[in-house]
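Read through the structure below, which is laid out as structure tokens, and then see the notes.
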Amino acid sequence: MEFKNLSVLGSGSWGTALAQAFSKKFQNVYIWGRNQDVIDSINRYKENKKYLPNIKLSENIEASTDIYEVFGKGDIIIVAIPTQSIREVLKKIDFPVKKPVISASKGIEIESLKLISEIIYETLSIERDLIFVLSGPSFAKEVAVGLPTAVTLAGNSKLGEKLQNHMNTTSFRLYLNEDIIGVQIGGAVKNVIAIATGASDGLDLGNNARAGLITRGLFEMTKIAKLFGGNPQTLYGLSGMGDLVLTATGELSRNRTFGFLLGKGLSVDKALKEVGQVVEGAKTVKAIHRLITEKKIELPISEVVYRVIYEKLSPKEAVRILMNRQPKREEF
Numbered sequence: 005m006e007f008k009n010l011s012v013l014g015s016g017s018w019g020t021a022l023a024q025a026f027s028k029k030f031q032n033v034y035i036w037g038r039n040q041d042v043i044d045s046i047n048r049y050k051e052n053k054k055y056l057p058n059i060k061l062s063e064n065i066e067a068s069t070d071i072y073e074v075f076g077k078g079d080i081i082i083v084a085i086p087t088q089s090i091r092e093v094l095k096k097i098d099f100p101v102k103k104p105v106i107s108a109s110k111g112i113e114i115e116s117l118k119l120i121s122e123i124i125y126e127t128l129s130i131e132r133d134l135i136f137v138l139s140g141p142s143f144a145k146e147v148a149v150g151l152p153t154a155v156t157l158a159g160n161s162k163l164g165e166k167l168q169n170h171m172n173t174t175s176f177r178l179y180l181n182e183d184i185i186g187v188q189i190g191g192a193v194k195n196v197i198a199i200a201t202g203a204s205d206g207l208d209l210g211n212n213a214r215a216g217l218i219t220r221g222l223f224e225m226t227k228i229a230k231l232f233g234g235n236p237q238t239l240y241g242l243s244g245m246g247d248l249v250l251t252a253t254g255e256l257s258r259n260r261t262f263g264f265l266l267g268k269g270l271s272v273d274k275a276l277k278e279v280g281q282v283v284e285g286a287k288t289v290k291a292i293h294r295l296i297t298e299k300k301i302e303l304p305i306s307e308v309v310y311r312v313i314y315e316k317l318s319p320k321e322a323v324r325i326l327m328n329r330q331p332k333r334e335e336f
């Protein structure tokens with residue numbers, strides 16, 4: 005299997021950043037997106053002026069709104085589309101897929117409660133061993149400008165080693181992991197916990213509160229990983245703790261920023277508008293709320309985040325609820 009060309013589905017900040025990061029490792033990199041203005045900007049100016057402004061893209065990056073063309077040209081496909089749109093987009097690919105498809109999106113499908121690897125398997129005519137997940141602590145802007153980044157590539161180890169060897173760069177390092185479920189849970193659920201830490205910071209509750217939310221949030225992530233059949237130990241690696249710490253504390257985090265604005269008193273609609281891009285955690289928490297209801301699993305931080313966003317619970321009241329819960333032993 006030869007890897008000359010890369011195709012990235014998704015022309016937002018993350019898809020564009022990945023295209024840029026891997027541009028030195030492929031002869032050509034193709035980006036698919038729906039927004040014609042973004043596509044024109046990438047092709048004409050070698051810049052994604054809307055989602056990743058002031059960052060010059062490599063000359064070997066091209067963009068198109070034709071998904072068949074972009075999907076067909078790549079020897080490796082990266083999916084960097086908002087989670088709730090992935091099934092709809094991939095349904096357009098009506099031919100057998102015999103090349104690696106790597107999910108770089110993070111979330112859980114609300115209607116089905118399925119992870120992205122399952123959506124890819126159900127939607128495409130593809131073998132499971134060709135499906136991979138890329139996840140870990142990685143802000144798009146830092147990846148795009150070449151700052152050092154380490155992430156996890158999860159999937160079949162034999163083909164994974166070939167992908168790792170080909171795609172590693174001097175600034176973007178991939179670590180292999182076969183626990184494709186645990187890696188996806190880390191990437192999805194950390195966004196919900198980041199909303200909580202952002203709200204805490206917005207309320208000026210201090211460093212102690214943030215550390216407590218991160219630590220107990222990690223425990224919620226391991227519980228969900230077990231529920232889906234993943235290895236809870238995976239959550240202590242890059243795709244779990246690493247991504248959680250970054251997203252829950254970094255000022256470039258959309259999810260933390262959204263929570264911060266809620267903590268400062270903005271309405272959900274105004275906070276989403278202020279962020280200006282997809283806040284995956286606000287979607288993922290709807291799926292987690294279904295898990296709480298249907299599986300009778302206790303996830304108190306995720307539950308209050310859901311109530312703040314969808315039931316108009318105030319962030320201050322959410323804190324009161326968390327701090328007045330029944331005393332418990334610490335679990336890991």
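If you count the sequence shown from 1, position 77 lands on 81 in our numbering, and the numbers rise without skipping. Note that the Cβ used here is the ideal one computed from N, Cα and C, for glycine as well.
Problem - Nearest-angstrom beta carbon gap, ILE81 and LEU167 [assumed within contact, 8 Å] - result: Wrong, their Cβ atoms sit about 12 Å apart, outside the cutoff.
Practice task
Grab me the residues of GLY267's own chain with a C-beta within less than 6 Å of its C-beta, minus the 5 sequence neighbours each way, in chain order.
Solution key: ALA203, GLY206, LEU207 and PRO319
Practice task
Return the Cβ separation of ILE135 and SER116 in integer angstroms, given the expectation that the two are a contact with Cβ distance under 8 Å.
Solution key: In fact, because the Cβ distance is near 16 Å, the residues do not count as touching under 8 Å.
Handout entry: Three-way DSSP call (helix, strand, coil) for ALA84 in this model
Key = coil
Handout entry: Residue environment, ASP247, which counts as buried when at least 16 other CB atoms sit within 10 Å
Key = Buried.
Exercise for the section: On a CA-only basis, which of VAL74, ALA148 and SER139 is nearest ASN58? Give me that one, please. Expected result: ALA148
Problem - Enclosing alpha helix (DSSP H) for ILE46 [first to last residue] - result: Here the alpha helix (DSSP H) through ILE46 covers 40 to 49.
Problem - Distance CB(VAL137)-CB(ILE184) smaller than 7 Å - result: Contact annotation: VAL137 and ILE184 have beta-carbon atoms nearer than 7 Å.
Exercise for the section: Have a look at GLN24 and LEU61 and give me their C-alpha separation to the nearest angstrom. Expected result: 6 Å
Exercise for the section: Starting from ILE12, trace the beta strand (DSSP E) both ways and give me its first and last residue. Expected result: This sequence places Val at residue 12; Ile is not what is there. 9 to 13 is the extent of the beta strand (DSSP E) around VAL12.
Practice task
Please report how far the alpha carbon of PHE262 lies from the alpha carbon of GLU278, in whole angstroms.
Solution key: 8 Å
Exercise for the section: Taking all protein chains shown into account, decide if GLU284 is buried (16 or more other Cβ within 10 angstroms of its Cβ) or exposed. Expected result: buried
Exercise for the section: Check whether the region 305 to 313 touches the region 286 to 296, taking contact to mean three or more Cβ pairs, one atom from each stretch, closer than 8 Å. Expected result: A contact between stretches requires three or more CB pairs, one per stretch, nearer than 8 Å, and the region 305 to 313 meets this requirement with the region 286 to 296.
Practice task
Could you spell out where the beta strand (DSSP E) holding SER121 opens and where it closes?
Solution key: From DSSP, SER121 is part of no beta strand (DSSP E) but of the alpha helix (DSSP H) over 120 to 127.
Exercise for the section: Using a threshold of 7 Å, state whether the C-beta atoms of ILE228 and ILE189 are closer than that. Expected result: yes
Practice task
Would you mind working out which of ASP273, THR238, THR297 and GLN40 sits nearest TYR314, comparing C-alpha positions?
Solution key: Nearest C-alpha to TYR314: ASP273.
Handout entry: Spatially closest choice to ASN39 from GLU63, LEU222, LYS54 and GLU298, by CA coordinates
Key = When each option's Cα is compared against that of ASN39, the closest is LYS54.
Practice task
Note down, one range per segment and in chain order, each beta strand (DSSP E) of at least 3 residues found wholly within the region 135 to 205.
Solution key: 135 to 139, 153 to 158 and 176 to 181
Exercise for the section: Just the C-alpha distance for GLN237 and TYR34, rounded to the nearest angstrom, thanks. Expected result: 36 Å
Problem - Pick from LEU265, ASN181 and ALA200 that is closest to VAL249, judged by C-alpha positions - result: ALA200
Exercise for the section: Pull up the distance between the alpha-carbon of SER45 and that of ILE65, whole angstroms please. Expected result: As the crow flies, the alpha-carbon of SER45 is around 12 Å from that of ILE65.
Exercise for the section: Decide if the region 170 to 178 is in contact with the region 152 to 160; the criterion is three or more beta carbon pairs, one per stretch, under 8 Å apart. Expected result: yes
Exercise for the section: For LEU119, I'd like the list of residues in its chain whose CB is within less than 6 Å of its CB, leaving aside the five on either flank, ordered along the chain. Expected result: When the five nearest sequence neighbours on each side are left out, the beta carbons in the same chain lying within less than 6 Å of the beta carbon of LEU119 are those of GLN188, in order along the chain.
Problem - Assigned secondary structure, VAL308 (DSSP; H/G/I helix, E/B strand, else coil) - result: helix
Exercise for the section: Go through its chain and collect everything with a Cβ distance to GLN88's Cβ below 8 Å, but skip five positions before and after it. Expected result: GLY111, GLU113, ILE114 and LYS287
Exercise for the section: Under the assumption that GLY140 contacts SER68 (Cβ atoms under 8 Å), give the Cβ distance between them as a whole number of angstroms. Expected result: For a cut-off of 8 Å, the C-beta gap from GLY140 to SER68 is around 28 Å, too long to register as a contact.
Problem - First through last residue of the alpha helix (DSSP H) which encompasses ASN211 - result: 210 to 232
Handout entry: Start-to-end residues for the beta strand (DSSP E) that takes in TYR72
Key = From DSSP, TYR72 is part of no beta strand (DSSP E) but of the alpha helix (DSSP H) over 71 to 77.
Exercise for the section: Could you tell me if PRO100 is buried or exposed, where buried requires 16 or more neighbouring beta carbons within 10 angstroms of its beta carbon? Expected result: exposed
Practice task
For ASN259, count neighbouring C-beta atoms within 10 Å of its own C-beta (all shown protein chains included) and say buried if the count is 16 or more, exposed if not.
Solution key: Buried: at least 16 other Cβ atoms inside 10 Å.
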